[in-house]
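Here the structure comes first, spelled out in structure tokens, and everything after it is commentary.
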Amino acid sequence: MLGHISFSGYIGIAFYIHKKIRKNYAGILLAICLASLAHGLYDGVLFQKELTAYFKLVFWGLLFFQVWLLKTVLGFSDFRRTLSKSVFHETDEKIFCYCCRCNKTFISNEYRFWKIKAGFCDSCNNFTVDAGNLINLIKYSRPVLNAKRYVKRLSGTMKNIALDKADKILFNYNRGFMSADINDLSDWLNESNKQDKIRMLNKPVVGFLLRNLGLKYIMKKPDC
Ligand SMILES: [Zn+2]
2 MLGHISFSGY IGIAFYIHKK IRKNYAGILL AICLASLAHG LYDGVLFQKE
52 LTAYFKLVFW GLLFFQVWLL KTVLGFSDFR RTLSKSVFHE TDEKIFCYCC
102 RCNKTFISNE YRFWKIKAGF CDSCNNFTVD AGNLINLIKY SRPVLNAKRY
152 VKRLSGTMKN IALDKADKIL FNYNRGFMSA DINDLSDWLN ESNKQDKIRM
202 LNKPVVGFLL RNLGLKYIMK KPDC
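In our numbering, the protein residues as written are 2 to 225.
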């Protein structure tokens with residue numbers, strides 16, 4: 002049952018693009034092939050006695066692929082909101098913060114958006130999140146990226162490091178906090194997500210599938 006819904010998802014994506022954005026016959030054909038392949042594989046291991054041993058493998062493989070595809074499509078979607086102070090709402094809670102720019106700890110009013118809890122530095126007005134909320138922030142803004150792995154890779158640094166080339170987005174591993182001007186942060190996340198998309202589209206097999214399902218058409222600037 003769930004299989005049927007998710008297998009039709011490929012066609013749904015391609016068809017939506019075909020209808021709403023631009024003609025995408027090749028994408029629909031590819032989606033039908035993909036859906037038939039997934040369905041055939043699933044039924045094959047479900048109903049063929051000799052193959053039932055592979056059922057779990059195929060089941061988890063397909064599930065993993067579906068989740069990955071969903072995350073990737075979300076990454077390509079431009080429906081995500083651009084981060085700014087106004088998308089966050091102030092709660093009644095307080096939150097402990099560390100500002101990498103001012104090198105100080107402080108208690109801020111808590112601001113929330115989606116699963117992200119943040120504070121603002123009372124001296125420089127930098128947006129500040131701890132490592133856990135940095136993961137949430139990346140999950141929201143760069144869905145294609147493995148956020149946990151990205152933040153884990155920052156470990157081992159002793160002092161402030163800049164996450165961006167312009168040295169505006171600061172992260173302090175010892176303290177476990179990131180701080181930046183929220184508009185700079187937003188620009189950096191948008192630009193990075195764009196780079197993530199280009200990287201995905203240029204991958205050999207994955208890139209071929211994504212391009213031809215029509216995802217290249219839903220990007221604001223198809224610069225590849
Ligand atoms: Zn500050």
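Note that beta-carbon positions come from the ideal geometry of N, C-alpha and C, so glycine has one too.
Just to confirm, are residue i and residue j a CB contact at a threshold of 7 Å?
i      : j      : result
Ile136 : Lys153 : no
Arg82  : Val74  : no
Phe97  : Asp123 : no
Glu91  : Asn104 : no
Give the DSSP-derived three-state secondary structure of residue i in the structure shown.
i      : result
Ala163 : strand
Asn184 : helix
Asp233 : No answer is possible for residue 233: it lies beyond the span of the chain, which begins at 2 and ends at 225.
Leu63  : helix
Cys225 : Here Cys225 scores only 41 on pLDDT, less than 50, and its place in the model should not be relied on; the value that follows carries that caveat. Cys225: coil per DSSP, three-state reduction.
Ile170 : coil
Enumerate in chain order the residues of its own chain whose CB-to-CB distance from residue i is below 8 Å, with the five nearest sequence positions on each side excluded.
i      : result
Leu210 : Leu31, Leu35
Nearer than 6 Å: is that true of the beta carbon of residue i relative to any heavy atom of ligand 2?
i      : result
Cys125 : As presented, the structure is devoid of ligand 2, carrying ligand 1 as its sole ligands.
Taking just the CA atoms, how far does residue j sit from residue i?
i      : j      : result
Val206 : Trp189 : 28 Å
Arg23  : Ile14  : 12 Å
Gly76  : Asn127 : 26 Å
Asn175 : Ala27  : 51 Å
Gly120 : Leu171 : 15 Å
Let me check one thing: in DSSP terms, what residues is residue i bridge-paired to?
i      : result
Ser109 : Ile96
Val130 : Met179
Going by beta carbon distance, what residues of the same chain come within less than 6 Å of residue i, once the five residues before and after it are set aside?
i      : result
Asp185 : Lys169
Quick one: what's got a C-beta closer than 7 Å to residue i's C-beta in the same chain, skipping five residues either side?
i      : result
Lys1   : Nothing in the structure corresponds to residue 1, since the chain is present only between 2 and 225.
Tyr151 : Ile139
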